[in-house]
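Have a look at the structure below before the remarks.
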Amino acid sequence: MILPASATSDAGRLVLARALRGFADGFVSVYLAAYLKLLGFSAVEIGIIVTAMLVGSAVLTLAVGLVAHHLSARRVLFGATALMAATGAGFVLLDNFWALLIVGFIGTLNPSSGDVSVFLPTEQSILASEVAAKDRTALFARYSLAGTLFGAFGALLTGLPDTTARLFGWNLIENFRAGFALYGIVALGIVGLYRGMRLGRTPAPVVVANAPLKRSRAIVLRLTALFALDSLGGGFVIDSLLALWLFLRFEMSVQTAGAVFFGARMLSALSQLASPRLAARFGLIETMVFTHIPANVFLILASFMPTAPLAVTFLLLRMALSSMDVPARQSYVMAVVPAEERAAAASMTNVPRSLTSAFSPLLAGWLLQFSIFGWPLVVGGVLKIIYDVLLLMQFRHIRPPA
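Using this note's numbering, read the sequence shown as starting at 22 and increasing by one per residue.
Quick look at the structure:
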């Protein structure tokens, strides 16, 4: 993947690490719901486990921030990869609801296609200093693109457990567990990338308690509140729950769902290539809003479709637009705060996103338990459109420095 000319070798390693995590998240996020359903868990129980994963991710990111002044970025990243490997092992060895709930809370398993883990604020704060300001949005676009593109290829693997079980008579549950083992093995490849980086004692992201936001405090708090609203809506339609809805509403197979998510992520990846050009022409905020609103209209419309092909069509249209805002959002946050406050801003904006998105899956699971209509899609789409309107109203005239 070609990076901006001003990007350093460390930036390239971070992009590759994001790609590997995206690949692992790609297959796990889609078939997580199918695996838990196979174990006999209800939609509500699946929603509880997904909620635990997202809450745990937010708590871990916050905990790292509180002790970040004692840690280097290298230690944070190495610790996160060790936890990723342990998470994969936990899902291989355990099948009890309470045990998986604990592993989900403590671990790094990502039930969504986006990166909501402890890796994100650490890598974002490093990336912002590894490229010239004029290329920052382009680098964040490549970073986001890498995760989405490799997540698409990961989604293609979701049909393997069922296919190999039918062809060779292998145990289906054990086949699923092999995927979680692969998730843990991917962590070893990420460690290799981190080992080659020149991180030294680069401070890890710090939350407000240890590195107070000063000049940028007001704008970061306002952005944090809006991003939290966006994540609240996004939590209703994370990949694991979208897959569960497709399984319940249309009795879709895991193989077909994997193909759907592959197509969705490929469209998402391609769309992110356009984000830097749109941002340069129309502005970061305008790019975020005017691609996001149509995407969420398509999401709402998908819930009303009577057949799987029609529903999938609107979901694909949604994914062709919905991720264009990601690099623009990341770049905007890093651009409007001073360099010395970027780590704090990254943690401040990402932790509440994880926390608010964590509560939606529980409600979404409850909605699907009592009705297979796409209420989670409707609620999620409406909340995200409200976020778009508020973001445009409050930040349209606040331009980042060049």
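Beta carbons: idealized from backbone N, C-alpha and C, even for Gly.
Between residue i and residue j, what straight-line distance do the alpha-carbon atoms span, to the nearest angstrom?
| i | j | result |
| --- | --- | --- |
| L331 | V85 | 44 angstroms |
| S42 | M414 | First, the residue type needs correcting, since residue 42 is Arg and not Ser in the sequence shown. So the alpha carbons of these two residues sit roughly 35 angstroms apart. |
| V212 | L141 | 15 angstroms |
| L170 | R236 | 36 angstroms |
| T82 | L188 | 42 angstroms |
| V229 | A365 | Residue placement at V229 is flagged as unreliable, the pLDDT there being 38, under the threshold of 50; a coordinate-derived value is accordingly withheld. |
| R417 | I306 | 6 angstroms |
| L160 | T334 | 30 angstroms |
| D31 | M369 | 24 angstroms |
| R363 | M355 | 6 angstroms |
| A360 | A103 | 29 angstroms |
DSSP state of residue i, grouped into three classes?
| i | result |
| --- | --- |
| S93 | strand |
| T29 | coil |
| D439 | The requested residue 439 does not occur in the structure, where the chain is confined to residues 22 to 423. |
| A208 | helix |
| T377 | helix |
| D116 | coil |
| F325 | coil |
| R219 | coil |
| V36 | helix |
| W191 | coil |
| A249 | helix |
| L24 | coil |
| V358 | coil |
| G77 | helix |
Suppose the cutoff is 7 angstroms on Cβ atoms and the five residues either side in sequence are ignored; what does the same chain contact list for residue i look like?
| i | result |
| --- | --- |
| Q390 | S63, A64 and V65 |
| A173 | G47, F283, R286, M287 and A290 |
| S292 | A341, L342, S344 and M345 |
| A79 | V372, S375, L376 and A379 |
| S50 | N131, P132, S133, S134, D260 and S261 |
| L388 | W396 and P397 |
| L412 | L247, I306, M309 and V310 |
For residue i, which of the options has the nearest alpha-carbon?
| i | options | result |
| --- | --- | --- |
| E144 | H91, N371, G47 and G77 | N371 |
| P348 | S93, L41 and L148 | L148 |
| L9 | G401, F394, L337 and A367 | Past the edges of the chain, shown from 22 to 423, lies residue 9, and the structure says nothing about it. |
| T328 | L294, W396, M273 and P315 | M273 |
| G386 | F126, A45 and K58 | K58 |
| Y204 | G168, I67, I259 and F44 | F44 |
| A153 | G402, L24, V310 and V410 | L24 |
| R198 | I419, G33 and Y56 | Y56 |
| L338 | A316, L122, L263 and G256 | A316 |
| P382 | I69, G61 and F118 | I69 |
Quick one: residues in its chain with C-beta nearer than 8 angstroms to the C-beta of residue i, no 5 flanking neighbours on either side, listed in chain order?
| i | result |
| --- | --- |
| Q276 | T179, G180, D183 and T184 |
| A202 | G109, A110 and V113 |
| I393 | W266, L269 and R270 |
| V399 | I321 and S324 |
| T223 | Only weak support is given to the placement of T223: the predicted model assigns it a pLDDT of 45, under 50, and the question is left unresolved by the model. |
Taking C-beta to C-beta, are residue i and residue j nearer than 8 angstroms?
| i | j | result |
| --- | --- | --- |
| L177 | G279 | yes |
| E195 | T29 | no |
| S296 | D156 | no |
| A40 | Y215 | no |
| V76 | L376 | yes |
| V36 | R163 | yes |
| L250 | Y408 | yes |
Leaving out five residues on either side along the sequence, give the residues of the same chain with a beta carbon under 6 angstroms from the beta carbon of residue i.
| i | result |
| --- | --- |
| A300 | T158, T308 and A349 |
| M105 | T129 and A208 |
| L404 | L253 and G254 |
| V139 | L81, T82, V85 and A101 |
| W191 | T185 |
| G304 | none |
For residue i, would you say it is in contact with chain B, using Cβ-to-Cβ distances shorter than 8 angstroms as the test?
| i | result |
| --- | --- |
| V399 | Looking for chain B here will not work: only one protein chain is present. |
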